[in-house]
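The following block contains the structure:
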């Protein structure tokens with residue numbers, strides 16, 4: 001069965017500091033992995049995704065994530081946090097049949113301090 | 001491209017009434033649509049999967065008679081919350097994909113408040 005665990009429900013960084021949001025997954029098949037950002041009362045915006053190929057994936061707004069099969073991880077990073085990065089972040093894995101159905105992690109709230 | 005629009009973005013209704021939420025794919029044909037529910041400060045939980053022209057598949061614990069889903073065309077799916085109660089108040093989000101995509105695209109969500 002597919003599952004996602006996001007370590008840390010709340011992460012706080014200073015503006016300009018490194019952002020690291022952790023995600024570990026469990027999958028019975030080679031996974032498709034996603035990171036989404038959600039601002040209050042809004043839908044989800046895709047930051048980046050991993051399907052196949054290069055394990056280091058670059059996304060929008062300077063975010064990137066690395067798929068590490070040996071660690072079953074897909075951590076999200078950004079070298080320098082901006083105030084506008086403050087939001088809720090969700091890691092997700094596709095279901096085993098890759099139908100588009102997603103299993104989400106619990107979410108991580110990113111706070112950026114001035 | 002790949003725009004999904006949800007309507008309304010927010011709705012307030014009285015307890016006991018029904019509310020319909022629309023999810024439209026604006027620039028692609030959505031063979032499959034998904035409906036999620038999100039409680040405050042929580043993650044998204046899949047409610048059901050709908051394929052165009054067939055009955056929706058509901059996740060365990062989701063009442064199909066309460067949450068009616070229709071996917072009558074390749075660009076429109078609707079979720080009707082019947083006989084709404086305050087505990088149905090939540091954020092409902094749809095997503096849609098076609099057979100060529102490796103991802104589904106999300107609507108902006110609908111905030112339902114039942115009073």
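Residue numbers (the working numbering), protein chains in the order written: chain A, 1 to 114; chain B, 1 to 115.
In this text, a Cβ means the ideal position worked out from N, Cα and C, and glycines have one as well.
Bounding residues of the beta strand (DSSP E) (the contiguous stretch that carries residue i)
| i | result |
| --- | --- |
| residue 22 (chain B) | 19-25 |
| residue 52 (chain B) | Where residue 52 (chain B) is concerned, there is no enclosing beta strand (DSSP E), given that its DSSP letter is neither H nor E. |
| residue 7 (chain A) | 3-7 |
| residue 113 (chain B) | 110-114 |
| residue 6 (chain B) | 4-7 |
| residue 28 (chain B) | Where residue 28 (chain B) is concerned, there is no enclosing beta strand (DSSP E), given that its DSSP letter is neither H nor E. |
| residue 24 (chain A) | 19-26 |
| residue 121 (chain A) | No information on residue 121 (chain A) is available, as it lies outside the stretch 1 to 114 that chain A covers here. |
| residue 75 (chain A) | 73-78 |
| residue 75 (chain B) | Unbroken run through residue 75 (chain B): none, as it is neither H nor E. |
| residue 55 (chain A) | Counting along the chain, residue 55 (chain A) falls outside any beta strand (DSSP E), and DSSP gives it neither H nor E. |
| residue 38 (chain A) | 33-38 |
| residue 108 (chain A) | 108-113 |
| residue 12 (chain B) | 10-13 |
| residue 68 (chain A) | 64-68 |
| residue 95 (chain B) | 90-97 |
For residue j and residue i, the rounded distance between their alpha carbons
| i | j | result |
| --- | --- | --- |
| residue 33 (chain B) | residue 52 (chain B) | 8 Å |
| residue 37 (chain B) | residue 44 (chain B) | 6 Å |
| residue 56 (chain B) | residue 71 (chain B) | 8 Å |
| residue 38 (chain A) | residue 87 (chain A) | 6 Å |
| residue 68 (chain A) | residue 57 (chain A) | 11 Å |
| residue 62 (chain A) | residue 47 (chain A) | 9 Å |
| residue 10 (chain A) | residue 3 (chain B) | 30 Å |
| residue 87 (chain B) | residue 39 (chain B) | 10 Å |
| residue 96 (chain B) | residue 35 (chain A) | 17 Å |
| residue 66 (chain A) | residue 102 (chain A) | 19 Å |
| residue 69 (chain B) | residue 108 (chain B) | 18 Å |
Residues near residue i by beta carbon distance below 8 Å, same chain, minus five either side
| i | result |
| --- | --- |
| residue 115 (chain A) | Because chain A here runs from 1 to 114, residue 115 (chain A) falls outside it and cannot be looked at. |
| residue 64 (chain B) | 48, 56 and 58 |
| residue 54 (chain B) | 71 |
| residue 44 (chain A) | 36, 37, 38 and 90 |
Sequence-distant residues of its chain with Cβ nearer than 7 Å to residue i (five each side left out)
| i | result |
| --- | --- |
| residue 99 (chain B) | 31 |
| residue 17 (chain B) | 84 |
| residue 19 (chain A) | 13, 77, 78, 81, 85 and 110 |
CB contact below 7 Å: residue i versus chain C
| i | result |
| --- | --- |
| residue 69 (chain B) | The structure shown contains no chain C; the protein chains it does contain are A and B. |
Own chain residues within Cβ distance below 6 Å of residue i, not counting five before or after
| i | result |
| --- | --- |
| residue 75 (chain B) | 24 and 25 |
| residue 17 (chain A) | 81 |
#### Entry: Three CB pairs or more closer than 8 Å across the segment 69-76 of chain A and the segment 20-30 of chain A
yes
### Query
Counting Cβ pairs closer than 8 Å, one from the segment 107-114 of chain B and one from the segment 11-19 of chain B, do we hit at least three?
yes
### Message
Any contact between the segment 3-10 of chain B and the segment 96-114 of chain A? By contact I mean 3 or more CB pairs, one from each, below 8 Å.
### Response
no
### Query
When Cβ atoms are compared, which residues of the segment 24-43 of chain A fall closer than 8 Å to chain B?
32, 34, 36, 41, 42 and 43
### Query
Which residues, taken in chain order from the segment 27-55 of chain B, show a beta carbon closer than 7 Å to some beta carbon of chain A?
32, 34, 43, 44, 46 and 49
### Message
For the segment 76-84 of chain A against the segment 70-84 of chain B, do three or more pairs of beta-carbon atoms, one drawn from each stretch, fall closer than 8 Å, so that the two count as touching?
### Response
no
### Query
Of the residues that make up the segment 48-77 of chain A, which ones have a beta carbon closer than 7 Å to any beta carbon in chain B?
49 and 51
### Message
Against chain B, which members of the segment 96-109 of chain A pass a CB distance test of less than 9 Å?
### Response
98, 99, 100, 101, 102, 103, 104, 105, 106, 107 and 109
### Task
Mind checking the segment 6-19 of chain A against chain B and listing, in chain order, the residues whose C-beta falls within less than 8 Å of any C-beta there?
none
### Message
Please identify, using Cβ separations under 7 Å, the residues of the segment 12-24 of chain B that lie next to chain A, in order along the chain.
### Response
none
### Query
Relative to chain A, which residues along the segment 101-112 of chain B have a C-beta separation below 9 Å, given in chain order?
101, 102, 103, 104, 105, 106, 107, 108, 109 and 111
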